[in-house]
DNA sequence: CTATTTTTTATAATAGTTTTCATAAGAATT
DNA sequence: AATTCTTATGAAAACTATTATAAAAAATAG
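Here is the structure:
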């Protein structure tokens with residue numbers, strides 16, 4: 001039975017009667033080492049079961065080849081796809097990915113940012129929590145030239161890379177689509193708007209579209225949920241459908257909320273989309289599965305993860321303190337499915 | 001502008017005219033350090049913006065406080081919940097979580113296992129890929145006493161911790177439930193069964209339940225998909241419903257597959273559950289949202305993650321080479337919803 | 001066969017923390 | 001007053017890989 005104690009380059013050096021420096025260089029094909037030596041060293045490494053200690057290398061070189069990902073949760077489809085995109089991209093370049101979930105708690109987020117810094121991650125990708133207003137806990141990364149990318153949920157004023165979609169435009173597009181289908185009274189369900197986040201942008205787009213097309217902008221048509229759960233959304237949408245002056249369309253800021261609205265409409269015997277057209281947001285897996293299929297706004301999660309990781313990697317490769325921290329806008333599209341298609345375009 | 005170069009315990013030691021050892025101890029409330037000194041050190045650390053370098057600590061102590069998680073993908077609801085459970089539990093004990101996705105590729109899995117080992121993770125939690133038969137790439141962890149837990153998809157014969165559900169029993173329960181609802185001809189949809197995985201166990205349970213209750217076990221009622229996608233499952237279930245001798249019940253080995261079956265039944269104008277009762281597996285989010293609600297088998301993902309992490313943590317704390325590597329069975333339940341409830345129990 | 005250049009290897013410093021062992025100062029015991 | 005026991009702190013080694021610099025060996029030129 002193999003016993004503890006890792007094989008180190010010292011062991012290799014001993015065995016081969018070479019210096020550790022030679023071993024180290026040989027293992028990474030350094031040009032000043034003869035091919036013969038390289039071959040010899042590698043063979044012995046294999047034989048003795050040498051495994052590089054990335055900790056030691058990281059300590060010495062002050063780099064860990066690790067990207068930290070700090071997000072509210074991993075269980076939302078959008079976020080798990082985001083992670084997937086990050087992981088695939090990072091992995092291709094030999095980087096590891098550390099995940100932390102803030103669960104939208106400000107305190108957790110602060111503590112995790114500290115923890116990631118302390119782990120000396122090579123870069124950090126973050127989607128901030130609902131309640132995060134103060135972002136000074138990210139300053140340490142900037143001060144120490146550790147690449148930082150905010151993705152999707154980004155702080156208002158923090159000069160660093162951002163990978164986002166245009167939520168205002170998306171909200172506008174979604175609403176406009178409903179209008180084009182002939183909706184005259186369009187409701188909106190959103191969540192946590194008191195925290196001034198991206199949902200508010202979508203709502204702005206919604207309102208502006210209504211104004212543009214001379215449709216009523218009414219308080220009673222706008223619902224603001226405390227949390228995005230199916231049941232809460234179900235109650236809210238049921239209430240909307242019981243208004244004296246019932247809406248004939250709905251733009252929901254998320255697919256879960258849209259799905260619940262479809263459910264309550266069906267229970268009330270309304271036809272979708274004829275009596276009540278619905279469009280959601282995110283293109284979550286459920287949107288394809290519910291009946292009728294849910295129209296939605298695409299939200300390129302994996303792509304956003306990929307882009308974020310690429311920015312980190314590029315930024316590590318070409319460090320440049322004074323570089324302009326560009327904002328990357330990714331495209332969203334109106335994905336028309338059954339739940340909103342009143343008009344069959346020829 | 002703050003400039004590079006981290007504050008180290010040397011800097012603190014210098015400033016306070018103390019030894020680095022004292023600093024190190026003070027920072028972790030070592031009992032031999034006076035309260036006065038501890039206070040002084042902590043205050044200065046705060047003041048100078050000291051952040052511990054976990055790399056260095058890890059190198060010294062030969063531990064990284066990191067748990068590696070190697071799974072096929074993060075985007076399946078079951079697996080993202082699993083990760084969530086792991087992350088929360090690990091985090092509570094100050095452990096980081098590194099995620100890697102094998103995408104069911106054997107080569108990737110091998111390479112990632114190597115990479116995790118090289119990162120000196122303190123423990124590893126793994127759900128093996130579909131095609132993984134040879135598991136020798138995990139031997140290195142065992143040989144070096146690095147705690148290893150297999151979860152959900154586990155290898156047949158590898159003596160280490162396992163956190164699983166009883167897939168056979170679950171398959172049996174699901175089928176029995178349909179039988180109790182009066183189904184006489186029960187179909188089954190599964191996937192990738194040629195790889196001898198947990199799906200086969202469920203199928204065994206299905207078959208044994210049929211036999212037990214003297215119902216027909218027929219080839220034409222069992223479908224084996226290549227991949228678990230909604231569309232492929234839709235085609236397969238449609239075909240099932242077009243059989244001369246149509247089934248009146250279905251046990252699908254996953255909720256996506258069950259959802260597609262519901263969809264095709266609805267398209268054919270069948271009543272669910274009266275004409276066609278359906279039960280899925282996993283209790284994915286969609287199961288609550290589709291209409292009718294999907295009966296399913298609960299699969300305690302977050303709990304399994306938590307248990308796995310706890311085993312790792314315990315195993316780190318009390319290392320014991322010769323310990324019995326127990327198998328933890330978690331409970332599954334038949335969650336009866338609309339899609340299968342033919343009989344309203346009094 | 002020197003002198004010079006090129007190739008290869010060795011030495012030692014470095015990264016930042018933890019920990020073992022040692023020591024000094026003061027308190028308690030005889 | 002001498003000894004032992006506590007308590008608090010310090011010095012130095014260890015963890016492993018990298019790298020700058022020095023040195024040695026080999027190859028080439030004159």
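Protein chains in written order, with UniProt numbering: chain H, 1 to 346; chain U, 1 to 346. Backbone N, C-alpha and C fix where the C-beta goes; we use that ideal spot for every residue, glycine too. Values in this document were obtained by computation on a predicted structure and should not be read as measured data.
- For residue 64/H, the closest Cβ of chain U is nearer than 8 Å.
- Using a Cβ-Cβ distance cut-off of 8 Å, the region 283–296 of chain U and the region 276–292 of chain H are in contact, since at least three pairs of beta carbons, one from each stretch, lie closer than that value.
- Within the DSSP secondary-structure output, residue 14/H pairs in no beta bridge.
- CA-to-CA, the gap between residue 34/U and residue 11/U works out to about 20 Å.
- At least 8 Å separates the beta-carbon of residue 15/H from that of residue 26/H.
- Secondary structure note for residue 112/U: its alpha helix (DSSP H) is the uninterrupted segment 106–118.
- Proximity of chain U to residue 53/H at the Cβ level (cut-off 8 Å) is accounted for by 59, 118 and 120, in chain order.
- Within chain H, 230, 259, 286 and 290 have C-beta atoms less than 7 Å from the C-beta of residue 289/U, given in sequence order.
- Taking C-beta atoms under 8 Å as the contact rule, residue 121/H and residue 66/H qualify, at a distance of about 5 Å.
- Relative to residue 335/U, the option among 139/U, 296/U and 249/U whose CA is nearest is 296/U.
- Residue pairing by DSSP places residue 295/H opposite 279/H in a beta bridge.
- Straight across, the Cα-Cα distance linking residue 52/U with residue 191/U is about 48 Å.
- Comparing alpha-carbon positions, the option among 8/U, 7/U and 38/U lying closest to residue 22/U turns out to be 38/U.
- Closest in C-alpha terms to residue 104/H, from the list 13/H, 259/H, 60/H and 197/H, comes 197/H.
- With respect to residue 189/H, residue 225/H sits close: the two C-beta atoms are nearer than 8 Å.
- Under the Cβ criterion of 8 Å, residue 84/H is counted among the residues facing chain U.
- The three-state reading of DSSP puts residue 141/H in helix, counting H, G and I together.
- With contacts defined as CB atoms closer than 8 Å, residue 216/H and residue 129/H fail to qualify as a contacting pair.
- Listed in chain order, the non-local C-beta contacts of residue 5/U below 6 Å within the same chain number zero, local neighbours out to five positions each way being set aside.
- Pairing residue 56/U with residue 59/H gives a Cβ-Cβ distance under 8 Å.
- For residue 87/H, the nearest CB of chain U lies under 8 Å from its own CB, placing it at the interface with that chain.
- Here residue 309/U is buried. Its C-beta has 16 or more other C-beta atoms within 10 Å.
- A check of alpha carbon separations from residue 315/U across 46/U, 143/U, 161/U and 45/U identifies 161/U as the nearest.
- Here residue 270/H is actually not in contact with residue 303/H; their C-beta atoms are around 35 Å apart, not less than 8 Å.
- Burial is judged here by how many other beta carbons sit within 10 angstroms of a residue's own beta carbon; residue 200/U has at least 16 and is buried.
- Distance from the CA atom of residue 291/U to the CA atom of residue 272/U, rounded to whole angstroms, is 10 Å.
- DSSP links residue 190/U through a beta bridge to 224/U.
- Counting only runs of 3+ residues, the beta strand (DSSP E) found wholly inside the region 45–84 of chain U occupies 66–71, in chain order.
- For residue 130/U, the secondary structure class from DSSP, reduced to helix, strand or coil, is coil.
- Using beta-carbon distances, residue 98/U counts as an interface residue toward chain H, with a partner under 8 Å.
- Taking a C-beta cut-off of 8 Å against chain H, the contacting residues of the region 261–275 of chain U are 263 and 266, listed in chain order.
- Note on residue 267/U: under 16 other CB atoms within 10 angstroms of its CB, so exposed under the neighbour-count rule.
- Here residue 200/U carries a helix assignment [DSSP, helix/strand/coil].
- Relative to residue 259/U, the option among 229/U, 247/U and 275/U whose CA is nearest is 229/U.
- For residue 171/U, the secondary structure class from DSSP, reduced to helix, strand or coil, is helix.
- The CB of residue 306/H never comes closer than 7 Å to any CB in chain U; the least such distance is about 13 Å.
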